[in-house]
């Protein structure tokens, strides 16, 4: 299941400074895309909400928060409902964490 990966990524991004997190997501997003495709087949529908928000998260990060897609909004809401650390993280930190998956 992808849930432990989501929680770990969120915890890591919440603890990282914004400048480093931006660099981190830029260097790992491409490599993690292949890794998540296999594991997403067995994830729950709610975890898929987060994985499907990657394009919106990329637009959000690239536009410095000016572009907010519906899938990203849904994923942010889901993550904050399920995880206390996500409630403390900024939208930007969560978007970067989604890109790092």
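Residue numbers (the working numbering): 144 to 244.
Just so it is clear, CB atoms sit at the ideal spot from N, CA and C, and this is done for glycine as well.
The model shown is predicted, which means the values in this text are computed figures rather than measured ones.
Residue 241 burial status per 10 Å Cβ neighbour count (16 or more: buried): Here the question's residue 241 lines up with position 98 in the chain shown. Under this definition residue 241 is a buried residue.
Residue 195 versus residue 214: straight-line alpha-carbon distance, rounded: Walking along the chain shown from the start, residue 195 turns up at place 52. Walking along the chain shown from the start, residue 214 turns up at place 71. Their Cα atoms are separated by approximately 7 Å.
Just to confirm, is the Cβ distance from residue 229 to residue 200 under 9 Å? Counting from 1 along the chain shown, the entry for residue 229 is found at position 86. Counting from 1 along the chain shown, the entry for residue 200 is found at position 57. No, Cβ-Cβ distance for residue 229 and residue 200 is not below 9 Å.
With 16 as the cutoff for other CB atoms within 10 Å, does residue 207 come out buried or exposed? Start at 1 with the first residue of the chain shown, and residue 207 comes out as number 64. Looking at its Cβ environment, which holds fewer than 16 other Cβ atoms inside 10 Å, residue 207 is exposed.
Starting from residue 207, trace the alpha helix (DSSP H) in both directions and tell me its first and last residue. Within the chain shown, the letter at position 64 stands for residue 207. Run containing residue 207: none; DSSP gives neither H nor E here.
Can you grab the Cα-Cα spacing for the pair residue 203 / residue 188, in whole Å? For the purposes of this step, residue 203 is taken as the residue at position 60 of the chain shown. For the purposes of this step, residue 188 is taken as the residue at position 45 of the chain shown. One C-alpha to the other measures close to 23 Å.
Start and end residues, alpha helix (DSSP H) containing residue 215: On the chain shown, position 72 is the one that residue 215 refers to. Note, residue 215: alpha helix (DSSP H), 213–225.
Would you mind reading off the limits of the alpha helix (DSSP H) that contains residue 240? What you label residue 240 is simply residue 97 of the chain shown in a count that begins at 1. Following the DSSP letters along the chain, one finds residue 240 inside the alpha helix (DSSP H) bounded by residues 234–243.
Between residue 212 and residue 227, what straight-line distance do the alpha-carbon atoms span, to the nearest angstrom? By one-based count along the chain shown, residue 212 stands at place 69. By one-based count along the chain shown, residue 227 stands at place 84. C-alpha separation (whole angstroms): 23 Å.
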